[in-house]
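Under the numbering used here, the first residue of the sequence shown is numbered 1, with each subsequent residue one higher.
Glycine included, every Cβ here is placed at the ideal spot set by N, Cα and C.
On a predicted model such as this, the values are computed, not experimentally measured, just so you know.
A short write-up of the structure that comes next.
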Amino acid sequence: MGVHQGAQCDRASLAQNYYYNGLRFFYPEVNETFCGDGIVSVEMPLPSYFAAILYKFFGYNEQWFRLLTFTFFTIGMYALFLWFKLYFKTLTAFALLLIINSSPIILFYSISFLPDIVSLSLVLVAWYLFFRQHISHPFLPLKNHNVYQYFLLLL
Numbered sequence: 001m002g003v004h005q006g007a008q009c010d011r012a013s014l015a016q017n018y019y020y021n022g023l024r025f026f027y028p029e030v031n032e033t034f035c036g037d038g039i040v041s042v043e044m045p046l047p048s049y050f051a052a053i054l055y056k057f058f059g060y061n062e063q064w065f066r067l068l069t070f071t072f073f074t075i076g077m078y079a080l081f082l083w084f085k086l087y088f089k090t091l092t093a094f095a096l097l098l099i100i101n102s103s104p105i106i107l108f109y110s111i112s113f114l115p116d117i118v119s120l121s122l123v124l125v126a127w128y129l130f131f132r133q134h135i136s137h138p139f140l141p142l143k144n145h146n147v148y149q150y151f152l153l154l155l
C-alpha cells in the first residue's frame, strides 16, 4: 500500500459521489465516517468532477479517471517540451523531458487519482503561455494573440 492511499481513495470517492449524487459541484462528498453528511472541504475538485462526467458518458470505471489524469499529464509535458524548445534545440528539449519523465514519482502520479499532477500540468501550460507571450526570445517573435491571454487568465 502506498503513502497516498487515503488521499487517492478520497479523490476516487469524490468522483463516485459526484456520479451517483447528480454532479453537484459545490457539494463534494467523500465516503468517510468522521463527518455526518460526507461533505468536506477539499482542493478544487475539477479532476474528480470531470471524471464523474466521463462516468456519466462511458459508464462507471476507474480507468476513465486514470485516463483523464494521464491526459492532463500529457498536455502538461507537451507544454514543458514547447517551453524547453524556446531555449534549447529539439533533441536537447526531448532529452530533458525524457529525464523528467523517468522519475519514479512522476510515473506514479501520472495515472493516479491525485489532483497534484493535474495542477502541475496546468501550471506548466500557464508558464509556457506566459513565457511565449511576455518574454523575448532571440529567434522567435512574441505571440500576442488574445487566445494566449485568455488561456493564461483561465489557468
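For residue i, the three-state DSSP class (helix, strand or coil)
| i | result |
| --- | --- |
| Met1 | Low confidence applies to Met1: its pLDDT is 47, below 50, so where it sits in the model is not reliable, and the reading given next is rough at best. If DSSP states are grouped into helix, strand and coil, Met1 belongs with coil. |
| Ile106 | helix |
| Glu29 | strand |
| Ile39 | strand |
| Asn21 | coil |
| Ser119 | helix |
| Ile111 | coil |
| Ile99 | helix |
| Lys89 | coil |
| Ile135 | coil |
| Pro45 | coil |
Integer Cβ distance of residue i from residue j, believed to fall under 8 Å
| i | j | result |
| --- | --- | --- |
| Phe50 | Phe113 | So it is not a contact: roughly 12 Å between Cβ atoms. |
| Ala15 | Ala52 | 5 Å |
| Leu124 | Ala79 | 5 Å |
Per-residue burial, residue i [other beta carbons within 10 Å of its own, 16 or more giving buried]
| i | result |
| --- | --- |
| Ala95 | exposed |
| Gly22 | exposed |
| Ser121 | buried |
| Glu62 | exposed |
| Met1 | The predicted position of Met1 is uncertain, since its pLDDT is 47 and thus under 50; a value taken from the coordinates is nonetheless stated next. The residue is exposed, with fewer than 16 neighbouring Cβ atoms inside 10 Å. |
| Asn31 | exposed |
| Arg24 | exposed |
| Met77 | buried |
| Ile135 | exposed |
| Tyr18 | buried |
| Phe26 | exposed |
Check: residue i C-beta below 8 Å from any heavy atom of the ligand GDP
| i | result |
| --- | --- |
| Ser48 | This structure lacks the ligand GDP; in fact it carries no ligand of any kind. |
Within the chosen definition, does the region 60–76 reach the region 88–96 through at least 3 CB pairs nearer than 8 Å?
The way I'd put it, the region 60–76 doesn't touch the region 88–96; fewer than three beta-carbon pairs between them come closer than 8 Å.
For the 8 Å Cβ check, are there 3 or more pairs between the region 96–109 and the region 53–68?
As far as the Cβ criterion goes, the region 96–109 does not touch the region 53–68, which means the pair count is below three.
Every unbroken alpha helix (DSSP H) inside the region 58–87 [4 residues or more]
Runs of the alpha helix (DSSP H) inside the region 58–87: 62–85.
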